[in-house]
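Working notes, beginning with the structure itself.
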């Protein structure tokens, strides 16, 4: 479904009232995070060769550890998936979501003990161990205020640049707690708009980026100062994009249109050289918008002088499909790909596991299998009213977070399990690896395969074929068979014997 249209059509979200909080508290607590969301220890440490974590539709099995499997000398059963550890593909930088202003506010308002429990469920091996997170540089449609990091500046004077009070109050404290728990975290910063004085309408909502060399230079300085300001807080910003959804411009919340020639010129003539001069290693990712408009990043990459500063192309999944990446891969086979936003929400009308399997089959597996180094959902956390956020702010009115928070309680959603089938088991420094099949793949059965730095292998499989599917996994001279029921997903983790 096209998220661009959703955001324009959904009703404005209002903050929860005290009455709503009281009325739903008992029900919410009953379905809180104590659900069957994760298993115990790694079964490969308990005498088995393969650990198994399973999610099954129409059951209470959610990323639940099953009995382990031993390697076998028996003949292969069904389709054979042969892992090719010599065919090493992209490094996987992580799976995660965005710590928006709304998410940070909800987490900050929890008690310390409740927040630590949630953060461990999200960012440690006790939970799903997410390792990649997106930050909004200033306001977005999920913020508690309208601001940038340099509202009172000009093209010739950015001396008033600073981390805004709202981000100091909510974002920074929560972010520092997360980083203390997750040492492998990577951070991406994305602005929903440049400061108003850089735009044709002199406003945060809507408008176009000015075609002005002085403004181009100021935007580059803006990113330099952003990276340096977070470094001063002890936080490394690993990557930035120049503009969230640069071809989406609407006057009901912070957006800005930026054309490909503008993005090209900023990267080539200002941002790339300034990062280089300042010794800033932060990646520059371009585009940060939908699969369906791949012509935009291709236009930027066509300029060789701009391309040398580009560290990747970022995509969203609200129009087009992962198949659109094939053109980019064909023309620029070495260009890194990133997936930086996809939201679930009220438009997902299936049951939770049905929604999870949809996003797994249609988004995360085909995107990763085409070379993406990460996969990010949208809001890390929202409340029961898809907020909190600025009263009357346009944008998505029924987006769903990875978790739903109410006071000090939280409920994990389908996005938690979707990400967890990968993030919990694909370790820092892992790579995707190739595999071959002994026969044609059954329709609606998909695999993604990885090699961890310790030599263990990870196979994620999803089955929506209408029947149980038996397949054999072969790694070197070791093999095992597994039968995956219909409407299910499994992650299989092998010991290293090679």
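Residue numbers (the working numbering): -14 to 483.
Quick reminder that beta carbons are idealized off the backbone N, C-alpha and C, glycines included.
- One alpha carbon belongs to residue 283, the other to residue 201, and they sit about 21 Å apart.
- Put simply, of 215, 383, 185 and 433 the residue whose alpha carbon is nearest the alpha carbon of residue 447 is 433.
- Judged by beta-carbon spacing, residue 134 lies beyond the 8 Å limit of residue 151, meaning their Cβ atoms are not closer than that value.
- With respect to the 8 Å criterion, residue 418 and residue 37 are not classified as neighbours on the basis of their beta carbons.
- Inter-residue distance for residue 435 and residue 116 is about 16 Å (C-alpha atoms, whole angstroms).
- Looking only at 410, 468 and 454, the smallest Cα-Cα distance to residue 440 is reached by 410.
- Distances from the CA of residue 104 to each of 163, 154 and 467 were compared; the closest alpha carbon is that of 163.
- Distance from the CA of residue 95 to the CA of residue 389, rounded to the nearest whole angstrom, comes to 13 Å.
- Within the same chain, and ignoring the five residues on either side of residue 185 in sequence, the residues whose Cβ sits closer than 7 Å to its Cβ are 192, 193 and 195.
- Following the DSSP letters along the chain, one finds residue 416 inside the beta strand (DSSP E) bounded by residues 416 to 422.
- DSSP places residue 202 in the helix class (H, G or I) of the three-state scheme.
- For residue 43, the closest alpha carbon among the candidates 475, 471 and 442 is that of 471.
- Separation of the CB atoms of residue 359 and residue 323 is rounded to 5 Å, and the pair is thereby assigned contact status at 8 Å.
- Distances from the alpha-carbon of residue 366 to those of 88, 81, 147 and 113 put 88 closest.
- By the C-beta criterion, the stretch 340 to 357 is judged not to be in contact with the stretch 54 to 70, since fewer than 3 inter-stretch pairs fall below 8 Å.
- Within the stretch 399 to 463, the runs of beta strand (DSSP E) that reach at least 3 residues and sit entirely inside it are, in chain order, 416 to 422, 430 to 436, 442 to 448 and 454 to 460.
- For residue 322, the enclosing beta strand (DSSP E) has its first and last residue at 322 to 326.
- Per the DSSP secondary-structure output, residue 37 pairs in a beta bridge with 477.
- It is roughly 37 Å from the alpha-carbon of residue 197 to the alpha-carbon of residue 79.
- The alpha-carbon of residue 100 is positioned some 13 Å away from that of residue 155.
- Selection 54, 246 and 474 evaluated against residue 407 yields 474 as nearest (Cα-Cα).
- Cβ atoms of residue 122 and residue 211 come within 8 Å of each other, at about 6 Å.
- Between residue 374 and residue 129, the CB-CB gap stays under 8 Å.
- Contact between residue 443 and residue 476 holds, since their C-beta atoms are separated by about 6 Å, short of 8 Å.
- Here residue 68 is near residue 458, since their CB atoms are less than 8 Å apart.
- For residue 342, the number of other beta carbons within 10 angstroms of its own is at least 16, and it is reported as buried.
- By the neighbour-count criterion, in which 16 or more other beta carbons inside 10 Å mark a residue as buried, residue 316 falls on the exposed side.
- Rounded to whole angstroms, the Cβ separation of residue 449 and residue 346 is 6 Å, and the two are in contact under 8 Å.
- For the 8 Å CB-CB criterion, residue 479 and residue 35 form a contact.
- Bounds of the alpha helix (DSSP H) holding residue 86 are 86 to 93.
- Going by beta carbons, residue 231 and residue 274 fall inside the 8 Å limit.
- Residue environment analysis places residue 280 among the exposed positions, since fewer than 16 neighbouring C-beta atoms fall within 10 angstroms of its C-beta.
- Straight-line spacing of the CA atoms in residue 226 and residue 272 works out to 7 Å.
- When the Cα atoms are used, residue 314 and residue 261 turn out to be separated by approximately 26 Å.
- Shortest Cα-Cα distance from residue 51 to any of 41, 399 and 59 involves 41.
- With 16 or more other Cβ atoms from the protein chains shown falling within 10 Å of its own Cβ, residue 463 counts as buried.
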